[in-house]
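Colleague: Attaching a single structure in structure tokens format; questions to follow.
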Amino acid sequence: MQVIQEFVINDTSVVCPACNTVFATPNLAKMPNITRDSLIEADLHRVLPDPNIRAALVAMCPACIYTWWMSAFAPHYILPQLVPESPEIELPKKFAHAVLSGRQNGSHSLDRALLSLNGCWCAREAHLASGTLGSEEYVTTNHRWLTLAVQELDAALRDPEWDGNRSRYHYMMGEMLRQLGQFDAAVKEFNVVDRRSMLPRQLVEHQKTLAVAMNAEPTALPPFIIEEIFLPKAPPVISNIPATISA
Ligand SMILES: [Zn+2]
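Counting in this note's numbering, the sequence shown runs from 44 upward without gaps.
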């Protein structure tokens, strides 16, 4: 078991849905809730304190290399010490394998876009942990992941059959393009974000202003925006007592 702040990772036995091999893989057993003080960036991802946490969201079969979201692997009762372990590879590469598995299995491009984004964030967390965020290697890696994510998300948004929250994903696309330094394209995306995105107008305008100012830096969300997006208050309880009686 590995405890990182309030995140808990333990080894779990799972069954590969592609080849039925039982293997052991890290599993995120506990994750603290988001609070207004969590570190969340404007592309709506939570910055995790260790790349191992994000990497535990996907599992990779040691027999056939099928890689996908951990939730797609059924748990198995056998002790994890008694079965082969998932292959040891660089953590962000697990997401690259997942994108590949997704292509081989005809998954939707939105899934592949989200896996690419997680690969991007995992690489960032790995460089953050090793203090190499400013390195040329990081810049190249980050660019590659974002480009892949943009391609996949673009394909998802072009799919007329897909009925996800397009407006919110146009916002995500704007953020990805902004971080890639494609500022005009980013502004175009921010311009089509409407209230259906359920995002504060102030946030969309802020990110658009950054794009206009040709600022490609990732930005952390202020606590009040985190509250608005991730911790919405419950709607007020409407009293069922008629006004004439309660008055
Ligand atoms: Zn397998």
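Yeah, the Cβ is synthetic: ideal placement off N, Cα and C, and Gly gets one too.
Please read these numbers as outputs of a predicted model, since none were measured by experiment.
1. Confirm the yes/no value for this check: CB of Thr175, any heavy atom of ligand 1, distance under 7 Å.
2. Which same chain residues, not among the five before or five after Pro105, have their C-beta less than 8 Å away from its C-beta?
3. Once DSSP output is grouped into helix, strand and coil, what is the label at Arg89?
4. Assign Glu260 to buried or exposed, taking buried as 16 or more other Cβ atoms, counted over all protein chains shown, within 10 Å of its Cβ.
5. Let me know the secondary structure DSSP gives Pro94 once reduced to three states.
6. Can you list every residue whose CB sits closer than 5 Å to some heavy atom of ligand 1, going in chain order?
7. Quick one: what's got a C-beta closer than 7 Å to Gln250's C-beta in the same chain, skipping five residues either side?
8. Under the rule that 16 or more other beta-carbon atoms within 10 Å means buried, what is Tyr109, buried or exposed?
9. Ends of the beta strand (DSSP E) at Pro73?
10. Between Phe116 and Pro60, how many whole angstroms is the CB-CB distance? I'm expecting something under 8 Å.
11. Could you work out which residue in Thr190, Pro94, Ala156, Ala102 is closest to Asp54 when comparing CA atoms only?
12. Taking the alpha-carbon positions, what's the Met215 to Ile47 distance?
13. Can you tell me whether DSSP reads Thr110 as helix, strand or coil?
14. Quick check: Asn95 and Leu134, are their CB atoms within less than 8 Å of each other?
15. In the DSSP output, what is Val142 paired with across the bridge?
16. Determine whether the beta carbon atoms of Ala199 and His151 lie at a separation below 8 Å.
17. Quick check: the Cα distance between Asn185 and Ser173, rounded to an integer number of angstroms?
18. Quick check on Gln225: does DSSP put it in helix, strand or coil?
19. Based on DSSP bridge pairs, tell me the residues matched to Thr55.
20. In this structure, does DSSP put Met241 in helix, strand or coil?
21. Taking all protein chains shown into account, decide if Arg239 is buried (16 or more other Cβ within 10 angstroms of its Cβ) or exposed.
Modeller: Taking the coordinates as given:
1. no
2. Thr64, Phe66, Pro127, Glu128, Ser129, Pro130
3. In this structure, Arg89 counts as strand in the three-state DSSP scheme.
4. exposed
5. helix
6. Any heavy atom of ligand 1 within less than 5 Å of a residue's beta carbon puts that residue on the list, which reads Cys59, Ala61, Cys62, Thr64, Cys104, Ala106, Cys107, Tyr109.
7. Closer than 7 Å at Cβ, skipping near neighbours: Ala85, Gly217, Glu218, Arg221, Phe233.
8. buried
9. At residue 73 the sequence reads Lys, which differs from the Pro that was named. Per DSSP, Lys73 belongs to the beta strand (DSSP E) from 65-73.
10. 7 Å
11. Nearest of Thr190, Pro94, Ala156, Ala102 to Asp54, Cα basis: Ala102.
12. C-alpha separation (whole angstroms): 28 Å.
13. strand
14. Closer than 8 Å, so yes.
15. For Val142, no pairing in a beta bridge is given by DSSP.
16. yes
17. 15 Å
18. coil
19. Thr68
20. Residue state, collapsed to three classes: coil.
21. exposed
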